[in-house]
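To start, the structure itself, in structure tokens.
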Amino acid sequence: MPSLEQNENLSFQSQFKLDKAYYRECFEESEANGLAVKPKYGLLVLLIALGLFAIYGLQEHYVGNFLILLAVVECVAFYYRKAWWVIRQAYSRAAGNTVEVSITKTGISTKATHAEFSYPFDDLDKLVETDRGFLVFHQNKPSYISKSGLSEEAITFLSGQSQK
57 MPSLEQNENL SFQSQFKLDK AYYRECFEES EANGLAVKPK YGLLVLLIAL GLFAIYGLQE
117 HYVGNFLILL AVVECVAFYY RKAWWVIRQA YSRAAGNTVE VSITKTGIST KATHAEFSYP
177 FDDLDKLVET DRGFLVFHQN KPSYISKSGL SEEAITFLSG QSQK
């Protein structure tokens with residue numbers, strides 16, 4: 057049996073729905089593979105220092121308390137970043153749409169109601185296989201494709217592409 061890469065008519069079709077479960081998986085796999093946002097320690101120290109200076113140095117308690125409260129809000133936003141990101145995506149106009157994925161010998165194409173993208177394998181910065189999907193980096197912008205909607209042959213083919 058010839059390998060998948062030698063097959064002239066190589067083509068895999070799949071579809072998935074952009075729902076909260078997909079967005080959660082996308083966030084978790086991206087974060088687990090180094091795309092996590094780091095805490096802004098410098099900003100936190102600056103806000104607290106300015107707040108303390110305003111309270112004790114300038115006797116401006118309202119300004120100082122406001123700056124310290126901003127630091128607390130930043131901490132809360134970082135702690136709940138996954139839930140916040142998933143909710144923002146769930147309320148975007150793309151949410152709920154079905155995305156059609158086509159994988160051919162030359163690249164990956166996605167088509168949804170509001171957007172259509174094509175990622176030729178020659179133009180990819182990298183293709184990273186994760187535990188539950190693939191991170192596709194095109195022009196340093198990551199996209200995520202879940203393995204849950206792909207056939208075993210498509211997963212094997214993309215795994216081979218990710219090792220190149």
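The numbering of the sequence shown is the working numbering, which starts it at 57 and goes up by one.
The C-beta atom is built at its ideal place from N, Cα and C for all residues, glycine as well.
Distance, Cα to Cα, Y111 vs V119?
Residue mapping note: residue 111 aligns to position 55 of the sequence shown, counting from 1. Residue mapping note: residue 119 aligns to position 63 of the sequence shown, counting from 1. Tyr is not the amino acid found at residue 111; the sequence shown has Ile there. Each residue's Cα considered, the two are about 7 Å apart.
Report, in whole angstroms, the separation of the C-beta atoms of E85 and T212, which I expect to be a contact under 8 Å.
Looking up residue 85 in the sequence shown gives position 29. Looking up residue 212 in the sequence shown gives position 156. That pair is no contact at about 19 Å.
Going by DSSP, what residue range makes up the beta strand (DSSP E) through E172?
The residue given as residue 172 occupies position 116 in the sequence shown. Residues E172 to P176.
Could you check what DSSP says for L99 in three-state terms: helix, strand or coil?
Taking the first residue of the sequence shown as position 1, residue 99 is located at position 43. L99 falls in the helix class under three-state DSSP.
Check each candidate in Q195, T160 and I124 and name the one with the smallest Cα separation from L102.
Start at 1 with the first residue of the sequence shown, and residue 102 comes out as number 46. When only C-alpha atoms are compared, the closest one is I124.
Looking only at DSSP bridge pairs, what is I37 linked to?
The first residue shown for the chain is 57 and the last is 220, placing residue 37 beyond what the model contains.
Which residues share a DSSP beta bridge with A200?
The count along the sequence shown starts at 1 and reaches residue 200 at position 144. The residue you asked about is not Ala; residue 200 is Tyr in the sequence shown. Looking at the DSSP assignment, Y200 forms a beta bridge with L191.
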